[in-house]
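Novice: Quick one: structure below, then a few questions.
There are 2 protein chains.
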Amino acid sequence: MEKFELHILGCGSALPTTRHFSTSQVVNLREKLYMIDCGEGTQLQLRKSRLKFSRLNHIFISHLHGDHCFGLPGLISTFGLLGRTADLHIYSPKGLQEIMGPMLSFFCNGLSYQVIFHEFETKQPSVIYEDRSVTVTTIPLKHRIPCCGFLFEEKALPNHIIREMVDFYQVPVYELNRIKNGADYVTPGGEVIPNSRLTRPSDPPKKYAYCSDTIYKKGIVEQIAGVDLLFHEATFAQSEAARAKETYHTTAEQAALIARDAKVKKLIIGHFSARYEDENILLKEASAVFPETILAKETLCVSL
Amino acid sequence: MEKFELHILGCGSALPTTRHFSTSQVVNLREKLYMIDCGEGTQLQLRKSRLKFSRLNHIFISHLHGDHCFGLPGLISTFGLLGRTADLHIYSPKGLQEIMGPMLSFFCNGLSYQVIFHEFETKQPSVIYEDRSVTVTTIPLKHRIPCCGFLFEEKALPNHIIREMVDFYQVPVYELNRIKNGADYVTPGGEVIPNSRLTRPSDPPKKYAYCSDTIYKKGIVEQIAGVDLLFHEATFAQSEAARAKETYHTTAEQAALIARDAKVKKLIIGHFSARYEDENILLKEASAVFPETILAKETLCVSL
Chain A
1138 MEKFELHILG
1148 CGSALPTTRH
1158 FSTSQVVNLR
1168 EKLYMIDCGE
1178 GTQLQLRKSR
1188 LKFSRLNHIF
1198 ISHLHGDHCF
1208 GLPGLISTFG
1218 LLGRTADLHI
1228 YSPKGLQEIM
1238 GPMLSFFCNG
1248 LSYQVIFHEF
1258 ETKQPSVIYE
1268 DRSVTVTTIP
1278 LKHRIPCCGF
1288 LFEEKALPNH
1298 IIREMVDFYQ
1308 VPVYELNRIK
1318 NGADYVTPGG
1328 EVIPNSRLTR
1338 PSDPPKKYAY
1348 CSDTIYKKGI
1358 VEQIAGVDLL
1368 FHEATFAQSE
1378 AARAKETYHT
1388 TAEQAALIAR
1398 DAKVKKLIIG
1408 HFSARYEDEN
1418 ILLKEASAVF
1428 PETILAKETL
1438 CVSL
Chain B
1138 MEKFELHILG
1148 CGSALPTTRH
1158 FSTSQVVNLR
1168 EKLYMIDCGE
1178 GTQLQLRKSR
1188 LKFSRLNHIF
1198 ISHLHGDHCF
1208 GLPGLISTFG
1218 LLGRTADLHI
1228 YSPKGLQEIM
1238 GPMLSFFCNG
1248 LSYQVIFHEF
1258 ETKQPSVIYE
1268 DRSVTVTTIP
1278 LKHRIPCCGF
1288 LFEEKALPNH
1298 IIREMVDFYQ
1308 VPVYELNRIK
1318 NGADYVTPGG
1328 EVIPNSRLTR
1338 PSDPPKKYAY
1348 CSDTIYKKGI
1358 VEQIAGVDLL
1368 FHEATFAQSE
1378 AARAKETYHT
1388 TAEQAALIAR
1398 DAKVKKLIIG
1408 HFSARYEDEN
1418 ILLKEASAVF
1428 PETILAKETL
1438 CVSL
């Protein structure tokens, strides 16, 4: 099975605490790393995670609140000190480049690599990144400022060749790639060997959805239906439901309702308000609605 | 004795490691806090230190390298979220306000308090701050960009009244403040009681000098002579003396030579290069020249 892991670097909310860093995560998909959000201290947490800095080329910023992007100048600067040469792509709602530009051009002057900013609209889902392993689509959320989550959809791997059958039919090596990708084999004698006899399907591709920060928004259920893992913010417990609505955040119970309605396989909640010294109250409330819930935690790694 | 403590929040250098945060310290002088430098993650370390955020009104930035100031946006933003109302004063070499301005005006829009930037020249020592407890003077250093250390000089406290003598001479209460400040007492009968019989001197005022980042610069010895505590950067061991010179940093041995020549009471070294997994080599080299040396360490608190 190909690697598809989620690493939590930080899962606190706006106010840092002694237990939580502000938001950042890394998706490790087949040894390529994709960062989601980059709060202050992300580079420290990235180093602790032992993930390889050089495998990270894409950073997705959900929205322009400080606790989701104040770690960028330090990360960019450190990559420069380490002699990075590969381009670094940063995807975000409009404005990030203008806002961070003066800091970056002063402190990261003469970088050994390029930082390339990409802006996305936040009203409609749109594919903002694609490579041979993954497609990343925005999930429009509703927060105090323009904000999107991200849907990571793994691409199907080619089928696995069944070595014994290929040997049996004496399939030439140059035909193997076509067969992996679904073609039938025609023998020199004209016999058609159906692909299904020569290959077994690879593992079904997986999906990860990241939804933070947002008010309880049922509208996202359709887009994230059936994902293998959903990260949803759960800033507050139900007793603070009014406060959640007022500040455009979600309660743990509401996050679980989204997970249940979207029939996801697993829910991980985070973006905890600093007021909770013990997040088990959030876990309890969410699990009552959707039992397959876990709490995010710094250094936690979840395999999909 | 009045409180005069140094809290180390971070003592790494430009590249963060799993063991060190980038540079930041807090001087606690009679329960007023003064921050020196503010690298990424400072607000997290400040919270861990349990020092009271509300007692911090002044931040001194030695120079405009990211590892000495990338923590400012997060700190300023958090103070706002906590509802701070007192002005926050930031002292630095020229340019900080222009560089951070766009980020602050976007992310910290509508702050409940004022951030006031003060610029200082870096060529000559100058008093940049003074209140009734302390005077802060710049210590011109020599780094790749304009850079100053800071000399914190405590102001003398009034003498202590000797209760028994004051009772003996039946000194009226309204005379006590004058006597604390050095006046003699004249009895109703005209007898002059010298101040020295009525008071004991308070503890001699103390001095703390912070010197980072800098190439080995003997010129500072005179200004910091006799301080109670000297923090001096010691980025490298002696084997990297050439690299230290090239990058305008100091070796541990050189830091100790400064301490010895300045006849300081105690030396604390920090700003360790990420290459040292164990800084005891730096301690050993410094101690050989100046035995009263200690290693900086996150969460360390030194009383002067």
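Here the protein sequences line up with chains A and B, keeping their order.
Mapped onto this note's numbering, the consecutive letters of the first sequence carry residue numbers 1138 to 1441.
Mapped onto this note's numbering, the consecutive letters of the second sequence carry residue numbers 1138 to 1441.
The beta carbon of each residue, even a glycine, is placed where N, CA and C say it ideally should be.
A quick note: this is a predicted structure, and the numbers were derived from the prediction, not measured.
(1) Give the interface partners of Phe1243(B) over in chain A, defined as CB-CB distance under 8 Å, in chain order.
(2) For Thr1160(B) versus His1386(B), is the C-beta spacing smaller than 8 Å?
(3) Decide if Gln1261(A) is buried, meaning its Cβ has at least 16 other Cβ atoms within 10 Å, or exposed.
(4) Just the C-alpha distance for Ser1349(B) and Ile1253(A), rounded to the nearest angstrom, thanks.
(5) Compare the C-alpha of Ser1191(A) against each of Arg1281(A), Asp1340(A), Lys1169(A), Glu1177(A) and name the closest.
(6) Where does His1205(B) sit, in a helix, a strand or coil, going by DSSP?
(7) Identify which residue in Pro1277(B), Leu1419(B), Ile1298(B), Ile1282(B) has its Cα closest to the Cα of Leu1288(B).
(8) Helix, strand or coil: which one does DSSP assign to Val1364(A)?
(9) What are the start and end residues of the beta strand (DSSP E) that includes Thr1275(A)?
(10) Kindly indicate which three-state DSSP category Thr1388(A) falls into: helix, strand or coil?
(11) Give the list of continuous alpha helix (DSSP H) stretches no shorter than 4 residues that lie fully inside the region 1274-1360 of chain B.
(12) When the Cα atoms are used, what is the spatial distance from Ile1352(B) to Ser1376(A)?
(13) Are any of the Cβ atoms in chain B nearer than 8 Å to that of Gln1180(A)?
(14) Taking a cut of 8 Å between CB atoms, which residues from the region 1209-1231 of chain A lie near chain B?
(15) Buried or exposed, going by whether 16 or more other CB atoms sit within 10 Å of the CB of Leu1328(B)?
(16) Counting beta carbon pairs with one atom in the region 1177-1195 of chain A and one in the region 1144-1153 of chain A, are three or more of them shorter than 8 Å?
(17) Please name the residue in Met1302(B), Lys1317(B), Cys1285(B) whose C-alpha comes closest to that of Pro1295(B).
(18) Since Leu1241(A) sits in a beta bridge, which residues does DSSP pair it with?
(19) Please work out which residues of its chain come closer than 6 Å, Cβ to Cβ, to Thr1388(B), disregarding the five sequence neighbours upstream and downstream, and give them in chain order.
(20) Ignore the nearest five residues each way along the sequence and tell me which others in Pro1341(A)'s own chain have a CB closer than 8 Å to its CB.
(21) Got a sec: is the Cβ-Cβ distance from Ala1433(A) to anything in chain B below 8 Å?
(22) Looking only at its own chain, which residues have a Cβ that is under 8 Å from the Cβ of Leu1188(B), when we skip the five neighbours before and after it?
(23) Using a beta-carbon distance below 8 Å, is Cys1423(B) in contact with chain A?
(24) What does Ala1381(B) reach in chain A if we use C-beta pairs closer than 8 Å?
(25) Any idea which residues DSSP pairs Gly1147(B) with across the strands?
(26) Examine the Cβ distances between the region 1399-1413 of chain B and the region 1430-1437 of chain B and report whether three or more of them are shorter than 8 Å.
(27) Does any C-beta atom of chain B lie closer than 8 Å to the C-beta of Glu1290(A)?
(28) Is Arg1281(A) close to the ligand GDP? I mean its beta-carbon at under 7 Å from any heavy atom of the ligand.
(29) Can you tell me whether Tyr1322(B) is buried or exposed, with buried defined as 16 or more other CB within 10 angstroms of its CB?
(30) Is DSSP giving Phe1197(B) helix, strand or coil here?
(31) Contact criterion: CB-CB distance below 8 Å. Does Phe1207(A) meet it with respect to chain B?
(32) Nearest to Asn1194(A) by CA position, among Glu1139(A), Lys1231(A), Asn1246(A), Gln1251(A), is which residue?
(33) Can you look up Lys1400(A) in the DSSP assignment and give me helix, strand or coil?
(34) For Ser1424(A), report the span of its beta strand (DSSP E) as first-last.
(35) According to DSSP, simplified to helix, strand and coil, what is Thr1430(A)?
(36) Quick one: does Glu1377(B) have its CB under 8 Å from some CB of chain A?
Specialist: Well, looking at it:
(1) Leu1201, Gly1232, Ile1236
(2) no
(3) exposed
(4) 33 Å
(5) Lys1169(A)
(6) helix
(7) Pro1277(B)
(8) coil
(9) 1271-1277
(10) strand
(11) 1300-1305, 1313-1317, 1332-1335
(12) 57 Å
(13) yes
(14) Pro1210, Gly1211, Ser1214, Thr1215, Leu1218, Leu1219
(15) Looking at the sequence provided, one finds Glu at residue 1328(B) rather than Leu. Per the 10 Å Cβ criterion, exposed.
(16) yes
(17) Lys1317(B)
(18) In the DSSP output, where bridge partners are listed per residue, Leu1241(A) has none listed.
(19) Phe1373, Gln1375, Ala1378, Ala1381
(20) Ala1293
(21) no
(22) His1144, Val1163, Asn1165, Leu1170
(23) In the sequence as displayed, the identity of residue 1423(B) is Ala instead of Cys. Taking Cβ atoms only, chain A never reaches closer than 8 Å to Ala1423(B), which makes this a no.
(24) Neighbours of Ala1381(B) on chain A: none; closest Cβ ~17 Å, over 8 Å.
(25) Ser1161(B)
(26) yes
(27) no
(28) In terms of ligand content, the structure shown is empty, and the ligand GDP therefore cannot be addressed.
(29) buried
(30) strand
(31) yes
(32) Gln1251(A)
(33) coil
(34) That residue, Ser1424(A), is in no beta strand (DSSP E); its alpha helix (DSSP H) goes 1417-1426.
(35) strand
(36) no
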